[in-house]
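Numbering (the working numbering), first residue to last: 26 to 210. Heads up, the beta-carbon is just placed ideally off N, CA and C, and yes, glycines get one too. Written below as structure tokens is the structure these notes are about.
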């Protein structure tokens, strides 16, 4: 029982750290499916609790705790909205993991070298497409370094390139002069 408590402390400690500190990283996301070649995208993000700033997939996204900002460069359109919890979960995989914990079987396994822990969440609700959510965390600094979401038809793997906790928070907003504003608030 004590071993389970120690492992679960890694996951809860990670969520506490993400609430109190600003995580910044570059990343690559590889999406593999049974019917097509793997696709890899790269980007950067900054996360602090629910707030985030993301540059990837040909768009910029931000959430300041109230308003979601989505900028599509190819259309020069900035959409403003009040997102639902589901929309936030789709945009921020660490926020998604936190929400998934309550309805999942959670296991944690230390790597043989003791440097990382693999946290696996298996949703108990079998109506969801998510079969498994893996999160690898570096133990010494509570740093997430890999996120993998396994669905029935595809797997998405996010590898953080140079994750670090920084002191200065960015503005979690997007302003694009001259862009068409689509205000859905």
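Tell me the DSSP bridge mates of residue i?
i, result
"residue 86", "79, 95"
Tell me the DSSP secondary structure of residue i in three-state form.
i, result
"residue 24", "Nothing about residue 24 can be reported from this structure: the residues present for the chain run from 26 to 210 only."
"residue 101", "coil"
"residue 29", "At residue 29 the pLDDT is 40, less than 50, meaning the model places this residue with poor confidence; the figure from the coordinates comes in the next sentence. DSSP places residue 29 in helix when its eight states are reduced to three."
"residue 200", "coil"
"residue 210", "coil"
Does any C-beta atom of chain C lie closer than 8 Å to the C-beta of residue i?
i, result
"residue 84", "This model lacks chain C altogether; it includes just one protein chain."
By how many angstroms is the C-alpha of residue j removed from the C-alpha of residue i?
i, j, result
"residue 102", "residue 96", "6 Å"
"residue 205", "residue 152", "39 Å"
"residue 128", "residue 160", "16 Å"
"residue 65", "residue 55", "4 Å"
"residue 71", "residue 52", "11 Å"
Can you tell me the Cβ-Cβ gap for residue i and residue j, rounded? I've got them flagged as a contact below 8 Å.
i, j, result
"residue 107", "residue 113", "Actually they do not touch by this definition, with Cβ atoms about 11 Å apart."
"residue 141", "residue 170", "7 Å"
"residue 174", "residue 155", "6 Å"
Less than 8 Å between the C-beta atoms of residue i and residue j, yes or no?
i, j, result
"residue 133", "residue 36", "yes"
"residue 168", "residue 188", "yes"
"residue 87", "residue 190", "no"
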